[in-house]
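Let me begin by presenting the structure, written as structure tokens, before commenting on it.
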Amino acid sequence: MSQQTQTRTAGDVSVSRPVRGRARGSDKARAEARLGWYLAGPAFVILVAVTGYPILQALYESLFSYRLTAPADRAFVGLKNYGVILTDSLWWSALLNTAMITVVTVAVELVIGFALAMVMHKVLGWLRPIVRTAILIPYAVITVVSAYAWQYAFGLTTGFMNAVLGLDDFDVFANKWSALAVICLSEIWKTTPFISLLLLAGLAQVPSDMTEAAKVDGATAWERLWRVTLPNMKASIMVALLFRALDAFRIFDNVYIMTNGAAGTETVSSLAYNQTISRLEIGLGSAVSVLLFVCVLAICFIAIKVFKVDLARARGEG
Amino acid sequence: MAGRWRTRLGILSAATVLAGGLTACGGSSTASGTPTLNWYVNPDNGGQQEIAEKCSAASGGAYAIDVSILPSDAAAQREQLMRRLAGNDTSIDLMSLDPVFVPETSEAGFLAPVPADLQQQWSEGVVDGAVQGATWKDELVAAPFWANTQLLWYRKSVAEAAGLDVTKPVTWEQLVEAAKSQGTAIGVQGQRAESMTVWVNAMIASAGGEVIENPDAKGPDIRLGLDSDAGRAAAQVMRDITAAGVGGPGIDNRDEAATANLFQQGGAAFMVNWPFVYAQGKSAAEEGTMDRAVFDDYGWSTYPAMSEGQEAKPPLGGIDIGVSAFSEHRDLAFQAVSCIVSAENQAAYMISDGNPAAAEAVYDDPQVQEAYPMYDTIRASLQAASPRPQTAYYNEVSQGIADQWQPVSSVGEQTPATSQEYIGDVLRGEKLL
């Protein structure tokens, strides 16, 4: 009852103010906006400088045929680089590989990550910090280190996994699908803790009185999970999904270390690396990078518009 | 007041830190005024560091050489050097360059022109292949330091059991038969990397062909010789290895080091590889990680020929020393190069690091002969060797070959033609790589 009164009072105040307080309020609002710009302005300028400038530079370079070791041969070619890329089967196979890695790893990570989040949420007492630390360890490992560990584990001369799985002399990294499977496994092992951490935060926000009420009403554990817990975690799940999808789409280290793109395991990032860094073809490489950027934007757009990800709500502002 | 002092103190500290940082970045001179030359080297057993120290001491205070280590594989070394040089990085004075990247570096204007008298001095008494590798457009643009070559390595006992006559040049066909009869493998480098180009190029050259027919041409005008009888002969060797099942485990992910380990561990009784494998085997035997008897069973011969009566053209490798066009101490850098590539230093480096000298006289040194009983085979191999294509577009050609001739089991009759078309498209800027 008192809560309702307070709400109405606050509403009354805001309704009664406009005529008298508009000038003063707008002065204050302007001052606050100005202060906001003073405070956020430097960060905004730096952000534009460090992200906007390279993006514009890449856009500009992508219109040239430009090799770093032949600067005199630099020539404007318009959109030719994009034409070359989009008609090349290598681009489409790399895009397909990347999309597949993204979908598989994110889907598996969501399921395992949620299970781990539940464990971390439920476990009590002295076991809680131990469990949480144990689950988070893979995420603390540097990706390159983890990639080498997985490569050594499955390598024919250095590894033990062939013996464990009874694969004899089968060269895992010489076959596209087995190589991609190991790349996905290492990615899942490495980043599931990140997803579980985000989902744990979401689990903590599910009101316990709701689950208790559902329990009293006779809902089974499965029903409580589907009807109460998951709907209340929607924002966390969507944010976890978005962050990991973007991360997975940019996959580079694992592929670079394990196969370096051999056996048809190229990804979009490794393709960009090959053109820009290995071949020093700045124009072509920039065009691949721009297309990679467009893909990342598309993922963001789909996640935010189609799946209705509310970043503000996920931050607890909603 | 206190606030103002804090501000001043802050500015002073920041200026001090900044000044310190800038001094550290510059780093071209020591406090005593002796100019410091930065030498970017490929990783080794520390031999280049020792030479740097010796030459610094021998300069009598004229210069001091600092050594910076580049990544381990040749392509990554090129990436780092080219990026730095493209940014006109003055911190590079000297650089250890793989000969295949000399044309690109020179063509880009990243190498300081070598004075005529030094060109003469640096090429005298040096094996032909090494001089060719350091030459671009008829000018010696870098100093040949060491000149590597691949040999055929075998286990004497296995070769004997297979009835392989190693007193005369062995062909790939005989090798495949021998390996098959003994149930062993031939160690080759089937990884999608530069080592694959080394193998393919050696086979094509040995069959009388050329990977590039006009190396001086610009990318789009380059004429490739992959789709030729020599190219098809090279593809046939790979198909024979696959058909006979003598490629050994992990052939598609094996580089020189992995091949050497396979040979050392008995997984392959034959292998083509650089002479470092001898030094590696020797130290493994001395350290007790490999049976001494296994090391005593090591045999060597010249690179396998493509057919009987046709001389093999073994792969040629090595390192040249270039002086950066952006060096602030060019004259001193040239002096330092002359010191580094002296016959005495080449001999010491061959003994300490297992990398064969470019200067022929070094092979007459009794210490070298004692350390490398195969010195005569190395010298003969260096004289017969064929360099990889000397072109400013080597990286594209090499990556294209590695991409198209791999995995080894996928090489077929069409591989030479398809790879030629693919690399041509890449060089014309019509395809991704």
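Here the protein sequences come in this chain order: H and E.
The numbers in our numbering rise by one with no breaks, and the one at position 98 of the first sequence is 101.
The numbers in our numbering rise by one with no breaks, and the one at position 24 of the second sequence is 63.
We treat Cβ as the ideally placed atom computed from N, Cα and C, and that holds for glycine.
Per DSSP, what kind of secondary structure is C64 of chain E in: helix, strand or coil? Here residue 64 of chain E corresponds to residue number 25 of the second sequence, with the count starting at 1. With a pLDDT of only 43 at C64 of chain E, under 50, the local geometry of the prediction cannot be trusted, and the value read off the model is given with reservation. In the structure shown, C64 of chain E sits in a helix (DSSP, three-state: H, G or I).
For R231 of chain E, would you say it is in contact with chain B, using Cβ-to-Cβ distances shorter than 8 Å as the test? Annotation note: the requested chain B is absent from the structure, which comprises protein chains H and E.
Residues of chain E with CB under 8 Å from V87 of chain H, in chain order? Working through the first sequence from its first residue, we reach residue 87 of chain H at position 84. Scanning chain E for C-beta atoms nearer than 8 Å to the C-beta of V87 of chain H yields G468, E469, K470, L471, reported in chain order.
Proximity test, G39 of chain H beta-carbon vs the ligand GDP heavy atom, cut-off 7 Å: Here there are no bound small molecules, and the ligand GDP is not part of this structure.
Coil, strand or helix - E226 of chain H by DSSP: In the first sequence, residue 226 of chain H corresponds to position 223, counting from 1. Correct three-state label for E226 of chain H: helix.
Just to confirm the assignment, what range does the alpha helix (DSSP H) spanning L244 of chain H have? Sequence index remark: in the first sequence, residue 244 of chain H carries index 241 (1-based). Per DSSP, L244 of chain H belongs to the alpha helix (DSSP H) from 237-252.
Mind checking Q159 of chain E: buried by the 16 CB within 10 Å criterion, or exposed? For the purposes of this step, residue 159 of chain E is taken as residue 120 along the second sequence, with counting starting at 1. Counting Cβ neighbours within 10 Å, Q159 of chain E comes out exposed, since fewer than 16 surround it.
Using a C-beta cutoff of 8 Å, does G320 of chain E count as contacting chain H? Within the second sequence, residue 320 of chain E is the residue found at index 281, counting from 1. So, not an interface residue.
Pairwise C-alpha distance: Q60 of chain H and A364 of chain E: By one-based count along the second sequence, residue 364 of chain E stands at place 325. By one-based count along the first sequence, residue 60 of chain H stands at place 57. Distance between the alpha carbons of A364 of chain E and Q60 of chain H is about 27 Å.
Can you say whether D212 of chain H is buried or exposed, counting buried as having 16 or more other CB atoms within 10 angstroms of its CB? The residue labelled residue 212 of chain H in the question sits at position 209 within the first sequence. With fewer than 16 Cβ atoms within 10 Å of its Cβ, D212 of chain H is classed as exposed.
Can you name the residues that DSSP bridges to E284 of chain H? For this step, residue 284 of chain H is matched to residue 281 along the first sequence. DSSP, once it has assigned bridges, lists H:R70 as partnering E284 of chain H.
Tell me, please, whether the CB atom of T72 of chain H is closer than 8 Å to any CB atom in chain E? Position 69 of the first sequence, counted from the first residue, corresponds to residue 72 of chain H. Closer than 8 Å: yes.
Which of helix, strand or coil does DSSP assign to D330 of chain E? By 1-based counting over the second sequence, the position of residue 330 of chain E is 291. In the structure shown, D330 of chain E sits in coil (DSSP, three-state: anything other than H, G, I, E or B).
With 16 as the cutoff for other CB atoms within 10 Å, does T136 of chain H come out buried or exposed? As a working mapping, residue 136 of chain H is identified with position 133 in the first sequence. Label assigned to T136 of chain H: exposed.
Report all residues from its chain with a CB closer than 8 Å to the CB of N165 of chain H; omit the five preceding and five following residues, and keep chain order. As a position in the first sequence, residue 165 of chain H is number 162, starting the count at 1. Answer for N165 of chain H: F157, L159, D171, D172, F173, V175, listed in chain order.
L301 of chain E CB to nearest chain H CB: under 8 Å? Stepping through the second sequence from its first residue, residue 301 of chain E is reached at position 262. Closer than 8 Å to some Cβ of chain H, the Cβ of L301 of chain E qualifies, so yes.
From the DSSP output, which residues share a beta bridge with D404 of chain E? Your numbering for residue 404 of chain E matches position 365 in the second sequence. In DSSP, D404 of chain E forms no bridge with anything.
Is M310 of chain E helix, strand or coil by DSSP? One-based indexing of the second sequence puts residue 310 of chain E at position 271. Taken through DSSP and simplified to helix, strand or coil, M310 of chain E comes out as strand.
Within chain H, partners of A125 of chain E - CB distance below 9 Å: One-based indexing of the second sequence puts residue 125 of chain E at position 86. Near A125 of chain E (Cβ distances below 9 Å), the residues of chain H are L71, T72, P74, L283.
Taking the Cβ atom as the reference point for each residue, do T268 of chain H and T262 of chain H lie within a distance shorter than 8 Å? Counted from its first residue, the first sequence places residue 268 of chain H at position 265. Counted from its first residue, the first sequence places residue 262 of chain H at position 259. Note that the C-beta distance between T268 of chain H and T262 of chain H is below 8 Å.
Taking only beta-carbon atoms, is P354 of chain E less than 8 Å away from chain H? Within the second sequence, the letter at position 315 stands for residue 354 of chain E. No, because no Cβ of chain H sits closer than 8 Å to the Cβ of P354 of chain E.
Whose C-beta lies closer than 7 Å to the C-beta of D476 of chain E among residues of the same chain, with five residues either side of it excluded? No answer is possible for residue 476 of chain E: the residues shown for chain E start at 40 and end at 472.
Status (buried if at least 16 other CB within 10 Å, exposed otherwise) for K31 of chain H: Along the first sequence, one-based indexing puts residue 31 of chain H at 28. The residue in question, K31 of chain H, is exposed, as its Cβ has fewer than 16 Cβ neighbours within 10 Å.
Spatial distance of A274 of chain E from P288 of chain E (CA atoms): For this step, residue 274 of chain E is matched to residue 235 along the second sequence. For this step, residue 288 of chain E is matched to residue 249 along the second sequence. Approximately 20 Å between the Cα atoms of the pair.
I'd like to know if W94 of chain H contacts chain E, where contact means its C-beta is closer than 8 Å to some C-beta of that chain. Within the first sequence, numbered from 1, the residue matching residue 94 of chain H stands at position 91. W94 of chain H counts as touching chain E.
For A78 of chain H, which of helix, strand or coil comes out of DSSP? Taking the first residue of the first sequence as 1, we reach residue 78 of chain H at position 75. It is a strand residue.
When DSSP labels each residue in this structure, what does S366 of chain E get in the three-state scheme? Looking up residue 366 of chain E in the second sequence gives position 327. Reduced to three states, the DSSP call for S366 of chain E is coil.
Against S68 of chain H, what residues of chain E qualify as contacts under a CB-to-CB distance less than 7 Å, listed in chain order? On the first sequence, position 65 is the one that residue 68 of chain H refers to. Correct list: G468.
Can you pull the chain E neighbours of Q278 of chain H, defined as C-beta to C-beta under 8 Å? Here residue 278 of chain H is taken as the residue at index 275 of the first sequence, counted from 1. Those within 8 Å of Q278 of chain H in chain E are L471, L472.
Within the same chain, show all residues whose beta-carbon is closer than 7 Å to that of S189 of chain H, passing over the 5 residues directly before and after it, in chain order. Translated into positions along the first sequence, residue 189 of chain H becomes position 186. Contacts found: S149, A150, W153, N257.
For the candidate residues E:D128, E:A387, E:G439, whose alpha-carbon lies nearest to that of E89 of chain E? Walking along the second sequence from the start, residue 89 of chain E turns up at place 50. Checked all of E:D128, E:A387, E:G439; the closest Cα to E89 of chain E is E:A387.
Where do the N-terminal and C-terminal ends of the alpha helix (DSSP H) with V144 of chain H fall, by residue? Within the first sequence, residue 144 of chain H is the residue found at index 141, counting from 1. Taken as a continuous stretch (DSSP letters only), V144 of chain H belongs to no alpha helix (DSSP H), as it is neither H nor E.
Specify whether the stretch 175-185 of chain H and the stretch 230-239 of chain H touch according to this definition: at least 3 beta carbon pairs, one from each stretch, less than 8 Å apart. no
Reference L78 of chain H; option with closest CA among H:K311, H:L287, H:L294, H:I302: Counted from its first residue, the first sequence places residue 78 of chain H at position 75. It is worth fixing the name first, because residue 78 of chain H is Ala in this sequence and not Leu. Ranking H:K311, H:L287, H:L294, H:I302 by Cα distance to A78 of chain H puts H:L287 first.
For A207 of chain H and Q319 of chain E, the rounded distance between their alpha carbons: Counting from 1 along the second sequence, the entry for residue 319 of chain E is found at position 280. Counting from 1 along the first sequence, the entry for residue 207 of chain H is found at position 204. Each residue's Cα considered, the two are about 58 Å apart.
Which complete alpha helix (DSSP H) runs does the stretch 113-182 of chain E hold, if anything under 4 residues is left out? 113-125, 141-146, 155-162, 167-172
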